[in-house]
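Worksheet: the structure to be examined is printed underneath.
Protein chains: 2
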Amino acid sequence: MNARTLPRLAFAFAVAAACGFAQAKVVTKSVAYEQGGQKLEGYLAYDDAKSGARPGVLVVPEWWGLNDYVKSRARQLAQMGYVAFAADMYGNAKVTRDPKQAEEWSSAVDNGGLMAPRSKAALEVLKEQPQTDKSKLAAIGFCFGGSTVLQLAYSGEPLAATVTFHGGLMPPKEDQLAKIKSPILILHGAEDGFVKPETIDQVRASLDKAKVDWYMVTYANAVHAFSNPDANSFKIPGIGYNEKAARRSWAEMQDFFKEQFKR
Amino acid sequence: MNARTLPRLAFAFAVAAACGFAQAKVVTKSVAYEQGGQKLEGYLAYDDAKSGARPGVLVVPEWWGLNDYVKSRARQLAQMGYVAFAADMYGNAKVTRDPKQAEEWSSAVDNGGLMAPRSKAALEVLKEQPQTDKSKLAAIGFCFGGSTVLQLAYSGEPLAATVTFHGGLMPPKEDQLAKIKSPILILHGAEDGFVKPETIDQVRASLDKAKVDWYMVTYANAVHAFSNPDANSFKIPGIGYNEKAARRSWAEMQDFFKEQFKR
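First to last, the protein sequences are chains A and B.
This note's numbering applies: residue 8 is where the first sequence begins, and numbers increase by one.
This note's numbering applies: residue 8 is where the second sequence begins, and numbers increase by one.
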């Protein structure tokens with residue numbers, strides 16, 4: 008480097024700063040917490056190069072548990088300037104690739120009525136982080152995690168945004184209608200065989216009855232788990248990755264966040 | 008201004024340039040053309056401060072004709088860096104606020120099989136503009152215009168993107184399936200009484216059969232004409248403005264364009 012290049016470099020950096028390009032320095036850490044006596048271990052990600060409090064995003068995994076896919080989504084959110092916390096819904100951050108095991112674990116959470124309280128416990132961890140702007144919180148979830156964040160919203164959690172990616176959909180119960188405060192974005196695969204058309208109608212009708220601010224995007228040729236690049240590796244009929252739907256749904260979420268967080 | 012402020016100013020301008028802030032200078036003009044012996048008069052808008060060819064967007068009006076609303080959308084597109092051409096579907100740029108008149112004019116175009124050829128004629132005008140990058144063309148339409156751009160896409164026009172805002176939806180005919188080349192974005196009000204649920208099912212099934220890249224956004228509590236701030240002034244049951252759906256659908260279109268035009 009010589010004297011002539013220096014000013015140019017300085018200018019380049021000044022421009023970069025002025026344009027808001029800063030090198031993200033994403034740090035991740037495992038955070039232990041508890042819910043109903045169950046030890047849990049979530050995955051926190053944020054940009055350490057960024058100062059000040061920023062919106063927090065809770066990320067709820069697919070029924071496989073806190074795997075690499077959901078961790079990669081948490082890191083992406085951190086790069087985007089959010090504090091992301093990926094929840095452990097099963098305990099000890101356990102994961103599986105066996106559908107029978109995943110079915111067993113997720114059913115236990117569902118049948119135990121733990122979707123809302125357990126995800127809420129993770130939300131509290133996210134709130135406690137010094138980087139988190141507690142007034143700007145969202146929850147996103149994939150498949151089983153999508154159902155979970157819907158339950159969190161149905162429980163009355165005042166989230167700025169709730170986003171379900173190819174989630175199992177279910178209408179809120181009658182006694183939940185008056186509680187729902189969060190706007191909801193439903194990202195759905197047109198060919199998702201895990202969600203019946205009549206269920207979608209019920210969800211829409213109930214959310215309308217509850218005067219919820221919702222909208223839904225339906226992606227052609229997308230099946231369950233369309234956002235997960237590893238989906239095909241599970242070799243399960245009706246589960247597969249769709250690059251277009253994955254990209255579009257992630258962009259959709261970002262627009263929704265920008266709107267709700269007024270960023 | 009003194010010698011000390013000058014370098015700072017120079018720097019500020021350099022940063023502005025580097026960040027791509029430039030003052031848009033939108034020019035608009037009426038362009039006369041013809042289709043099937045009918046004299047037509049469209050509305051062109053582009054940013055004169057911008058140099059070089061850029062993507063072109065055809066804009067097809069609601070059944071009211073080439074009114075202020077659709078012109079404002081064309082100017083918005085110009086500000087966004089596109090060349091926009093709002094089509095005249097009726098001749099002599101005539102407009103009305105009378106539903107009976109609008110019904111008569113739009114039915115004449117529809118029943119005459121003129122939706123595709125007449126919008127295609129406007130597309131040709133857009134292509135001829137020196138500012139237009141002929142390899143990057145899209146068509147958007149509102150209500151009747153939404154139906155029209157679908158027909159343009161169904162006719163086989165190789166558009167990079169086709170977007171219908173609260174358009175009347177209809178499936179392509181069997182002999183059109185193999186022709187469709189354009190990706191299609193359907194922006195729809197959940198409460199749009201002008202489109203039957205079974206029609207939506209037919210459209211989806213046909214587009215899937217045609218292997219079209221499509222996706223659809225459904226906005227809660229939005230009825231027909233949700234994107235038009237003047238919609239309520241017509242005092243027609245089932246037609247009304249929805250600020251959220253208007254904003255979200257416009258952002259959706261922009262994301263779709265960025266994706267399809269690789270901008």
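Backbone N, C-alpha and C fix where the C-beta goes; we use that ideal spot for every residue, glycine too.
- Look at A/Tyr97 here: in three-state DSSP terms it is coil, with no helix or strand label.
- Shown here, B/Lys269 sits in coil according to DSSP, grouped into three states, outside any helix or strand.
- The continuous alpha helix (DSSP H) containing A/Lys107 extends over residues Pro106 to Asn118.
- At a cut-off of 7 angstroms between beta carbons, B/Trp221 contacts chain A.
- Taking 9 angstroms as the Cβ-Cβ cut-off, the region 219-245 of chain B approaches chain A at Val219, Asp220, Trp221, Tyr222, Met223, Val224, Thr225, Tyr226, Ala227, Asn228 and Ala229, given in chain order.
- Judged by DSSP in its simplified three-state form, A/Glu181 adopts helix.
- Taken through DSSP and simplified to helix, strand or coil, B/Asp215 comes out as helix.
- According to the DSSP assignment, A/Tyr161 belongs to the alpha helix (DSSP H) that extends over Phe151 to Tyr161.
- Here the region 111-124 of chain B makes no contact with the region 79-91 of chain B; the two share fewer than three CB pairs at distances below 8 angstroms.
- Within 9 angstroms of the CB of B/Ala100, no CB atom of chain A is found; the nearest one sits about 34 angstroms away.
- In the displayed model, B/Met223 falls within a strand according to three-state DSSP.
- Taking the Cβ atoms as the reference, B/His173 lies roughly 6 angstroms from B/Ser234, within the contact range of under 8 angstroms.
- Only exposed fits A/Val34, as fewer than 16 other CB atoms lie within 10 angstroms of its CB.
- Of all residues in the region 195-213 of chain B, the ones placed with a Cβ closer than 7 angstroms to any Cβ belonging to chain A are Ala197 and Arg211, in chain order.
- Shown here for B/Gly72: same chain residues with a beta carbon closer than 8 angstroms to its own, the five before and five after excluded, namely Asp95, Met96, Tyr97, Ala100, Lys101, Val102, Thr103, Ala109 and Trp112 in chain order.
- Neighbours of B/Asp215 across chain A, judged by C-beta separation under 9 angstroms: Ala197, Glu198, Ala227 and Asn228.
- Under the Cβ criterion of 7 angstroms, A/Ala123 is not counted among the residues facing chain B.
- For the pair A/Val116 and A/Ala93, the CB atoms are not nearer than the 7 angstroms cut-off.
- Counting only residues of its own chain and dropping the five nearest sequence neighbours on each side, A/Asn228 has a CB closer than 7 angstroms to the CB of Ala197, Glu198 and Asn249.
- Rounded to whole angstroms, the gap between the alpha carbons of A/Ile193 and B/Ile187 is 28 angstroms.
- The three-state secondary structure of B/Leu144, taken from DSSP, is strand.
- Its Cα nearest to that of B/Ser189, the residue B/Ala160 stands out among B/Pro244, B/Thr139 and B/Ala160.
- Cβ contact annotation for A/Asn239 (same chain, cutoff 7 angstroms, sequence separation greater than five): Gly247 and Tyr248, in chain order.
- Taken through DSSP and simplified to helix, strand or coil, A/Ala81 comes out as helix.
- Contacts with chain B at 7 angstroms (Cβ-Cβ) do not include A/Asp95.
- Close CB contacts of A/Ala212 within its chain, under the 6 angstroms cut and outside five residues either way in sequence, are absent.
- Using beta-carbon distances, A/Ala258 counts as an interface residue toward chain B, with a partner under 7 angstroms.
- With distances taken between CA atoms, B/Val224 lies nearest to A/Glu259 out of A/Ala91, A/Asp55, A/Ala60 and A/Glu259.
- Taking 7 angstroms as the threshold, the shortest C-beta distance from A/Asp262 to chain B falls below it.
- For B/Val67, the uninterrupted beta strand (DSSP E) run begins and ends at Arg61 to Val67, by DSSP.
- The beta-carbon distance between A/Leu51 and A/Ala129, rounded to whole angstroms, is 10 angstroms. This is too long to meet the 8 angstroms contact definition.
- Residues of chain A whose Cβ lies closer than 7 angstroms to the Cβ of B/Lys251 are, in chain order, Asp220.
- No Cβ-Cβ contact shorter than 7 angstroms links A/Val132 with A/Tyr53.
- Residue environment for B/Glu164: buried (at least 16 other C-beta atoms within 10 angstroms of its C-beta).
- Residue pairing by DSSP leaves B/Ala167 without any beta bridge partner.
- Comparing alpha carbon positions, the residue from B/Asp182, B/Arg125 and B/Leu157 closest to B/Leu47 is B/Arg125.
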